[in-house]
Every structure is written in structure tokens, then in C-alpha cells.
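Numbering (full-length UniProt numbering), first residue to last: 1 to 155.
Ideal placement from N, C-alpha and C gives every residue a C-beta, glycine not left out.
Nothing here was measured: the structure is a model prediction, and the numbers come from that model.
Only one structure is covered here, and it is reproduced in the block below.
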Amino acid sequence: MGVEFNDAPLDFAALFGRDAPVTLEIGFGMGASLVAMAKAKPEQNFLGIEVHSPGVGACLASAEEEGVQNLRVMCHDAVEVLHTMIPDNSLNMVQLFFPDPWHKARHNKRRIVQPPFAELVKSKLKLGGVFHMATDWGSLCRAYAGSHVLAGRLS
1 MGVEFNDAPL
11 DFAALFGRDA
21 PVTLEIGFGM
31 GASLVAMAKA
41 KPEQNFLGIE
51 VHSPGVGACL
61 ASAEEEGVQN
71 LRVMCHDAVE
81 VLHTMIPDNS
91 LNMVQLFFPD
101 PWHKARHNKR
111 RIVQPPFAEL
121 VKSKLKLGGV
131 FHMATDWGSL
141 CRAYAGSHVL
151 AGRLS
């Protein structure tokens, strides 16, 4: 279930042993919701990327315990994985739930959701694909909703 980072684009049909819609979740934490989604939708494939290795381990253990077969996970920087390993027009959905808000002004450049990231996500989604993002920081939500970060890039 673990996928190692390398310089080659992923072949999702080979990775999962079947051709099915692919959902990518960026920053899945300990993986509980990702495992639950994969278990609830066995007809789809799920790929999770997380930089926190204990979270990756917990997700793998939970998936094995639950008998989930349609989930693969990576421990790496999501932006680098998107650039290097995810083919263009290959994802049905990208999920980014509760990214670090980096709420101090001097840290804004560290936020994952920036115009180049939005363009990158758009290039990886199939036509009609969905970018699903959630945050519990009201000011961050207002900043994203009212700025150029996503407007005109994703609908």
C-alpha cells in the first residue's frame, strides 16, 4: 500500500491493479477519514500524500485492519509528487482538508494554496474533476474565496 517517491509518473491502473476513478488527498493526518472514504467507496481508487511519517504508518495500519484494498499512500511533499509523479488530466478529485493556515502575515508564503498550486491542481484534474478544500479558519476561507488564488482557475 505504500508508494515510494521517484521521478517516474504513476500508472494508476498498474498501481491499483484496475482502472477506476482516482481521488488524491493531500495531508491526510492520521488517515482515519481517508481510510473510511476508501472503505465506503470500493469502486474508486484513493491515493493519500502526507509528510508526517507517523500519520502514514497509522493510515497503513488502519487500512490493513479494515481490509481496504483501494488505497495507496505516500510519505513525501505533495507539491513535488504532483509535479513529478501525477500525470496531467488523471485525477477525478483532489481533497485538501484543513491545511495549515499559516495565519501570521509573515508566514503567508508557506500556505500550500497559492496561485501556482491552484494551476498545478487544475492541470492534474480530469475535465469535470473536483478540487474539494475545507478550512476551519474563517479568515483563511474569506481570503481564498475573495482572492485571485482560486478564482478563474478552478470552479
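DSSP-derived helix/strand/coil call for residue i
{"i": "L15", "result": "helix"}
{"i": "H83", "result": "helix"}
{"i": "L96", "result": "strand"}
{"i": "R3", "result": "The displayed chain sequence assigns Val, not Arg, to residue 3. It is coil, neither helix nor strand."}
{"i": "H56", "result": "Note that residue 56 is Val in the sequence shown here, rather than His. In this structure, V56 counts as helix in the three-state DSSP scheme."}
{"i": "K104", "result": "Confidence at K104 is low in this model, with a pLDDT of 48, below 50, so its placement is unreliable and no value can be given for it."}
{"i": "R110", "result": "With a pLDDT of only 48 at R110, under 50, the local geometry of the prediction cannot be trusted, and the value read off the model is given with reservation. R110 falls in the helix class under three-state DSSP."}
{"i": "L120", "result": "helix"}
{"i": "L91", "result": "strand"}
Among the options, the one whose alpha carbon lies nearest that of residue i
{"i": "L24", "options": "F117, G128, M93 and K126", "result": "M93"}
{"i": "F28", "options": "A8, S53 and L10", "result": "S53"}
{"i": "M30", "options": "V56, D19, E64 and A38", "result": "V56"}
{"i": "P42", "options": "E50, V51 and E66", "result": "E66"}
{"i": "F131", "options": "K124, F117 and Q95", "result": "Q95"}
{"i": "residue 182", "options": "F117, V68, L91 and A118", "result": "Outside the shown range of the chain, which is 1 to 155, sits residue 182, and nothing can be said about it."}
CB of residue i within 8 Å of CB of residue j, strictly
{"i": "V3", "j": "F12", "result": "no"}
{"i": "N89", "j": "F16", "result": "no"}
{"i": "L60", "j": "F46", "result": "no"}
{"i": "H83", "j": "L120", "result": "yes"}
{"i": "A14", "j": "Q44", "result": "no"}
{"i": "I26", "j": "A58", "result": "no"}
{"i": "A32", "j": "S62", "result": "yes"}
{"i": "M85", "j": "P9", "result": "yes"}
Strand pairing of residue i, partner residues [DSSP]
{"i": "G48", "result": "E25 and V73"}
{"i": "M133", "result": "L96"}
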